[in-house]
Structures are given as structure tokens and as C-alpha cells.
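Below you'll find the structure, written out as C-alpha cells, and then a few comments.
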Amino acid sequence: MRRSMHSWLGVLLIASAGAALGEPLPWEIWQSPATLARLDTSDALVMTSSRCPGGCRFDRSNAGGEFALDNPWPLRWLYADDDEVVLLDESGPGAITRLWLTTGFGTASCIDPATHIRFYFDGASVPTLDLPLASLFDGSTPPFTPPLVADRAASSGGYVSHVPISWAQSLRVALVDAHGSGNPCAADGRRLLWYQIEHHRLTPGTMVTSFTAGHDEPAWRDFLTHAGDDPWHGLLAPETATVTLTAGATVPLLSRSGSAWLRGIRLYLPRAAYDAARLRVLVDGDLAIDMPIGDYFATASTAQQAARAVLFGEDESGWLYAWMPVPYRNSLAVELRSDTGLGAAVAVDTDLRLDTAPVPVDVGRYSATLGEQCRADGVFVLDQARGAGKIVGLAARYHADGLSSRGYLEGDEQATVDDALTPIWHGTGVEDLFDGGFYFDHGSFANALAGATEVDADGHGVSAVHRLLLSDALPYTSALRLVQEAGYSPSQPVPMCARYVVHAYRQVQPLLVSHAAFEIGDTAAAAAHDHVGAPGAQCAFVSGSFEGDLATARAARVCTGTSGNIHFRFAANEVPRPLRLRRILDVSDGLPGVSAGSAGAAIYVNGVLAGSFAPLAANVPRRWQQQEALLDVPVAVQTLDIDVVPAYSAHAPVFSESRWELRGGWRDLVFRDGFEP
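Start counting the sequence shown at 64; every next residue gets the next number (the numbering used here).
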């Protein structure tokens, strides 16, 4: 049942229902505080970046000045197609919510005016947007204007856009004149590009309107202009008081029972006391916040510039503010504590805002956790959790440990979700994660979604940074592991220390779990699932490893085809919706930056289009990859006859398979017979 790419893309738009009409999309957090706190199984966030395959240190696309053996795969595009290099090629509804890049050598430079970016929506052969890459960030092209975008001056070495670029059926993003020589912005003419694209994948059938030229998001734009007051315009009555904080004392500020939201915390006290005064918030009897004020509001007493993010920081009059929605279902208590180093008594003006709006059943419990560690090598584990949740903010203080070096800013972050074996999010460096570039070469900055309150000028100091992940929150449905390299790469560590805060919404119970799986190398299991591989596929038993900080090894059978479809079956009579299909594959047959390691594919369930796989970048040193597709399958469908139809092409000529897994909604297998509530 082979269908062309264009025909199945057309079907995708009318696939059976996903998210309810009128319900905010996952990135539309400006619509209500509950949208930010909601845990949503119809959403997955993916980062595509110029990270270096195999764990080497040169996270960028295009060759630099290093020896070729140090960077054997310098091209980081998904694939090349005629005069274009393609960064992203997605099918199914979704949206780009953050596009970051930087360019230069040692310091951020201007963007080569000859380099263009093209956006092709919904299978169109002509781009809806075709404009100079620099125009995305310089404020010249609506809706790519501040505060939704920032250039290297405003974002300290980084170029970043937070304009939501949504699509109903598909999106392809390509660059023209992105490599080679002749760049007037570089002394040697090179075009070195570091980039990150964060984008949502939604369950097929979710109603999304494709971006068009001239489209804008006025509510999102207005939301980001607020730094200090409530960005949701809740008009909430303040509960104010002035308290005196003494060394070693605890002062209660508020106590409530019942169900509601803590929606605003405002404090005024001398900045010299920020690191000795501690904010504690108990939600339903558990600590949601317990840390020094300087950490929670991302502004230490030593800050060169106050944080002025939309949901936390210090405003122009010196008031600390936090508008992070904190739901509680039974009780709430807010208090201040001080350590013995406070010194003289401090008067603290307080202003708390409560919202009596109902707490929906699908919102997670808010927590802000503080961690601190030093490492000589390896990775920092910034967050590790079981259950379900989403990360919505990060703040950190970094410094070298025992030496003078800013190499600690080179470490990539990696997020692995739901017990996957490869990261769904792989960054390109510390300053890149926080919207900057080149060690924050324009100094401290304070934007609505990110900033650097302290910048290390010479390797002897501290880099203090923060970022809100609002339209690009990082969700997980059963598990999360978020790490950051200590140094340039696993083979080039830099001893360093980090103190970090993670803002998240969570619940203990997972939302999705694994229900069934089989290896194609297990003859009996494959036969039991009615597996039929692509005709003429070449099969072999291979050994290798996965990408990621754990570099997990695998030895298994893999079959790689250049034509034809794949069929198999899963029973789903007791599998709650929604469903996801996960596969393990081999991406070593492509050439990084030239041809993809795997073609994209349409997924049919019982003859009806239900989802898709995107093409994957080639990775020769780490050949194993894992990929997951969101499926739209009605509850009434109990047997899943699955046909995977690859979209083979000259730039993505192969499709491989090694293992298939069906994931679905959580269910309690122990008590499903009603033996115990």
C-alpha cells in the first residue's frame, strides 16, 4: 500500500480527532496559567542542533581551523538537496517555538547577508517564507521583531527567535548559501554556524493553523513585555505585610487550606540579604520551594545585572517578583527563613497573590529544586525523575574548579525522556542553552525568557544564567534524565562546579508506559507479530552504540531497505490511548550533512494514516538511534495492523529497522480487577 508523500500528507490533516477544538496548544501558555502547568500526552518536544556526532567537541556546521581528524564530519545539516541544506523535515502537526544560532570565530559576527532561510509548509514546492537569515533576528521583518527575537547585541552573542512557526501537515526548513567561502562577516570568508531548533510534535489530528507571512501572536508579544507585574493580567488582590527577619528565624507569611493557586510572590529587601534569606513554600504538606532568595529569583547579591525575566527576577524599583503558577489542592504555606549569616535584622515587604480559579485534574505539582556539585569530568545530572512532568525553567551558576578557564561553558546539555536510549534534546554549549553565544561576548543581559546576570570575563569568575522554557517546555511521560557535560567533550573535560535550579511541574504516576515490543532478530517474536520486512532489505548482525552521555552499547540484527514497506501487528485491546510507536534503527548508512541516515515514513494503522517518522541525521560513530512517533488510533481499534511506508529519496535513500515497541497510556496491572482501589 504505497502512497506518495504528497498524498499521505493530505490525509494527515483530516486524521481522527486529537486535541479538543478550542483547547490551547502546548506552546500557547499565554492563554492561562493552567496551560503552563498542564501535563499533555499529545505533545513531544524535540531539539535539532548542530551538535557534534560521536561526542567530539566541535559543535557547529561547516569546517573550521582544526585538523580534519579532530572533526571528521563537519557538516551538521540533516541532508543536502540541490542548492539547499535542510535543517528540519517534519510531517504531522507541530510548531517551531525556539530558533537559536550564532556565527563567527571566537566572537559573534554578523550573519552573512547572502545566506537565506526558506520555510516550506504542508508539502508546498514554493516556500512561504524566503528571506535573508539575518532578517529573522534584526527586527526588520514582522513578526520577527522584539521582544519575540533578539540579535547578538541583545542576547550577548546569540541570535534567537521565539516566534511560534506552526504547521498543519508538514514543514521543511532549508538554508541557501550556508557553507563555502566569501562571507563578508568573517575575515577568512568562512560561514561557521551553530544552531538549535526546538519544535513540538503533536498527535496527528490536532488542529493547527499553518504559519503564513504577516502572521503574528499579539498575546504572546504582550505577555513578554511584562517584567514585574502579572503577565496573565489576573488583577489579583495583593496580600501585603512587612515582616522583620532576624538571623536563624522563621517568619510565616501565609497559610491557606482548600484548593487554589499561589500566583504571585513579591518581596522587597536589601540585595545584600538575598543569599542569606530563604524562601520556603509548602504545597499540600510537601516542600515545593526551599532555597535562598538569590537562587529562586535568579539574582544573587553579586549580580552585575538583575534578572528581568517574565516570570521571575528583580524589577526596576528593586522588588523581587515571581509569577510562576503554583497550584495546591489541599493546603498552602509560605514562609521566610534566614541562616545565621544574615547579620543585622532585615525588614522585608511582602506581596502575595492568590487565584481561586479551579485547579484542573491534568496539571502537575510545581516544584523548584536546588542542586550543587563539582565534577572533574563526565556530566552533571541536572534533573532525574520518574513519573510525568515538564521542565519550564532553569537557572545556574557555573565556574571552573581549581583552574582558570572558561572551557566549562563548552558543555552540551542532553535530555533523555521516557527511558529512551538516545537524547531527544542535544545542545551545543552552556551559553547556547541560555540564548547567548561565544561565552556571552556582549556582557550581561536580561531578556524576557533568558539572561546572564554575571559574566565571567577571564575564567576566574562566575557565569550566572537563567532561562524560562515556556512555549518550549520539555515534557516527559514516564521518565527524564537531563545532564550537562563538564567541559568541551567527554574526552576533553574541564573541572567545574555548578549550582542550579530546575523549575518543573510533575506527578508521580507516569502517563505513558511500554506495552509490547519485539526484536526483528527474534524469529519467534517477529512471527508472532506478523512481521514482514521491506522486500530486498539487507540484514546483518551489527554492534555499535547509541548517541548520548551513556553511549549505550547494542549488538543486534538490523535490516536496511531502499524500497518497499514494512508490516507488523500489535494487539491493543487493553492499551489505553494515546499510543506511540517507538523503533530502534541504524543511521550509519548516510553521510552526515549530505544524506540522511534514515528516510521519513508514513505510518498506517489498519489502512488509515495514523502518524509519521521524520528523517534522521546520519551518525557514523554512534550508529544506533531511537525514534518515536505519536499515533492517532481510535479506542475502538483493538488490533493494530501497521504498515510503515518510507519516503525514500536521493537525499534519504535508506530505511532500517531493528526493534519495534508500542507505548500507551498508564494502567495499573496489579489492581485492574478492582481487588483494591
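Ideal Cβ positions, reconstructed from N, Cα and C, are used throughout, including at glycine. Predicted model, so just to flag it, every value in this text is computed and none were measured.
Residue 471, DSSP secondary structure in three states: Locating residue 471 in the sequence shown gives position 408, counting from the first residue. In the structure shown, residue 471 sits in a helix (DSSP, three-state: H, G or I).
Residue environment, residue 425, which counts as buried when at least 16 other CB atoms sit within 10 Å: As a position in the sequence shown, residue 425 is number 362, starting the count at 1. Residue 425 should be labelled exposed.
With 16 other Cβ atoms within 10 Å as the buried cut-off, status of residue 235: Numbered from 1 along the sequence shown, position 172 holds the residue referred to as residue 235. With 16 or more Cβ atoms within 10 Å of its Cβ, residue 235 is classed as buried.
Residue 163, DSSP secondary structure in three states: Translated into the one-based positions of the sequence shown, residue 163 becomes position 100. DSSP places residue 163 in strand when its eight states are reduced to three.
Closest Cα partner of residue 361 within the set 310, 447, 379, 529: Within the sequence shown, numbered from 1, the residue matching residue 361 stands at position 298. Nearest to residue 361 by C-alpha distance, out of 310, 447, 379, 529, is 529.
Residues that residue 195 bridges to, as DSSP identifies them: Here residue 195 refers to the residue found at position 132 when the sequence shown is read from its first residue. Residue 195 is bridged to 179.
According to DSSP, residues forming a beta bridge with residue 313: For the purposes of this step, residue 313 is taken as the residue at position 250 of the sequence shown. Answer is 400, bridged to residue 313.
Pick from 575, 381, 602 that is closest to residue 583, judged by C-alpha positions: On the sequence shown, position 520 is the one that residue 583 refers to. Per the Cα distances, 602.
Given 8 Å, three or more beta-carbon pairs between the segment 114-130 and the segment 441-449: no
Nearest residue (CA-CA) to residue 414, options 468, 513, 635, 301: On the sequence shown, residue 414 is found 351 positions in, with the first residue counted as 1. Minimum Cα-Cα distance from residue 414 among the listed residues 468, 513, 635, 301 corresponds to 301.
As assigned by DSSP and simplified to three states, the class of residue 412: The sequence position of residue 412 within the sequence shown is 349, counting from 1. In the displayed model, residue 412 falls within a strand according to three-state DSSP.
Under the three-state DSSP convention, the category residue 504 falls into: Taking the first residue of the sequence shown as 1, we reach residue 504 at position 441. Coil at residue 504, not helix or strand.
Unbroken beta strand (DSSP E) run spanning residue 286, endpoints: Residue numbering aside, residue 286 sits at position 223 when the sequence shown is read from its first letter. Here residue 286 belongs to no beta strand (DSSP E); instead the alpha helix (DSSP H) covers 281-287.
Three-way DSSP call (helix, strand, coil) for residue 94 in this model: Along the sequence shown, one-based indexing puts residue 94 at 31. In the structure shown, residue 94 sits in a helix (DSSP, three-state: H, G or I).
Given 8 Å, three or more beta-carbon pairs between the segment 723-732 and the segment 668-675: no
C-beta atoms of residue 502 and residue 525 nearer than 9 Å: Here residue 502 refers to the residue found at position 439 of the sequence shown. Here residue 525 refers to the residue found at position 462 of the sequence shown. Contact check for residue 502 against residue 525 fails: the beta carbons are separated by 9 Å or more.
Contact set for residue 544: own chain, Cβ-Cβ below 6 Å, skip 5 residues either direction: As a first step, residue 544 must be located in the sequence shown, where it is residue number 481. Hits under 6 Å: 447, 479.
Nearest neighbour of residue 606, chosen from 721, 552, 102 [CA to CA]: Taking the first residue of the sequence shown as position 1, residue 606 is located at position 543. Nearest C-alpha to residue 606: 721.
Nonlocal neighbours in the same chain, by C-beta distance under 6 Å from residue 595, ignoring five residues either side: One-based indexing of the sequence shown puts residue 595 at position 532. The residues 630, in chain order, have a CB closer than 6 Å to that of residue 595 in the same chain once the five nearest residues on each side in sequence are set aside.
Proximal residues to residue 157 (C-beta, below 8 Å), its chain only, five neighbours per side dropped: The residue labelled residue 157 in the question sits at position 94 within the sequence shown. Closer than 8 Å at Cβ, skipping near neighbours: 229, 230, 234, 262, 263, 264, 265, 271.
Own chain, CB closer than 6 Å to residue 709, minus 5 neighbours either side, in chain order: Along the sequence shown, read from residue 1 onward, the residue named residue 709 stands at position 646. Hits under 6 Å: 662, 664, 718.
Buried or exposed by the 16-neighbour rule on C-beta atoms within 10 Å, applied to residue 775: In the structure displayed, the chain extends from 64 to 740; residue 775 sits before or after that span and is not available.
Residue 485 classed as buried or exposed, judged by whether at least 16 other C-beta atoms fall within 10 angstroms: For this step, residue 485 is matched to residue 422 along the sequence shown. Residue 485 is buried by the Cβ-count criterion.
Backbone CA spacing between residue 428 and residue 351 [nearest angstrom]: By 1-based counting over the sequence shown, the position of residue 428 is 365. By 1-based counting over the sequence shown, the position of residue 351 is 288. Rounded to whole angstroms, residue 428 and residue 351 show a C-alpha spacing of 8 Å.
Straight-line Cα distance separating residue 510 from residue 516: As a working mapping, residue 516 is identified with position 453 in the sequence shown. As a working mapping, residue 510 is identified with position 447 in the sequence shown. Whole-angstrom Cα-Cα distance: 11 Å.
Spatial neighbours of residue 208 in its chain, beta-carbon cut-off 7 Å, leaving aside the 5 residues before and after: For the purposes of this step, residue 208 is taken as the residue at position 145 of the sequence shown. The answer, listed in chain order, is 202.
Nearest-angstrom Cβ-Cβ length linking residue 659 and residue 141, presumed shorter than 8 Å: As a first step, residue 659 must be located in the sequence shown, where it is residue number 596. As a first step, residue 141 must be located in the sequence shown, where it is residue number 78. With 8 Å as the limit, residue 659 and residue 141 qualify as a contact, their Cβ atoms being about 6 Å apart.
Distance between residue 155 and residue 84 (C-alpha atoms, nearest Å): Start at 1 with the first residue of the sequence shown, and residue 84 comes out as number 21. Start at 1 with the first residue of the sequence shown, and residue 155 comes out as number 92. At residue 84 the pLDDT is 48, less than 50, meaning the model places this residue with poor confidence; the figure from the coordinates comes in the next sentence. Rounded to the nearest angstrom, the two C-alpha atoms are 17 Å apart.
Touch test, the segment 127-137 against the segment 275-282, Cβ-Cβ under 8 Å, three pairs minimum: no
With 16 other Cβ atoms within 10 Å as the buried cut-off, status of residue 701: Within the sequence shown, numbered from 1, the residue matching residue 701 stands at position 638. Answer is exposed; the Cβ neighbour count stays below 16.
Cα-Cα separation between residue 600 and residue 259, rounded to whole angstroms: By 1-based counting over the sequence shown, the position of residue 600 is 537. By 1-based counting over the sequence shown, the position of residue 259 is 196. Their Cα atoms are separated by approximately 34 Å.
Alpha-carbon to alpha-carbon, residue 356 and residue 421: The sequence position of residue 421 within the sequence shown is 358, counting from 1. The sequence position of residue 356 within the sequence shown is 293, counting from 1. So the alpha carbons of these two residues sit roughly 29 Å apart.
Start-to-end residues for the beta strand (DSSP E) that takes in residue 385: Residue 385 sits at position 322 when you count from the first residue of the sequence shown. Looking at the DSSP string, the run of the beta strand (DSSP E) that includes residue 385 is 383-385.
Residues near residue 78 in its chain [Cβ-Cβ closer than 8 Å; skip 5 each side]: In the sequence shown, the residue the question calls residue 78 occupies position 15. Because the pLDDT of residue 78 is 30, which lies under 50, any placement of that residue in the model is unreliable, and the question is left without a value.
Whole beta strand (DSSP E) elements within the segment 589-677, 3-residue minimum: Segments of the beta strand (DSSP E) lying fully in the segment 589-677: 601-608, 616-624, 629-634, 642-649, 664-668, 671-676.
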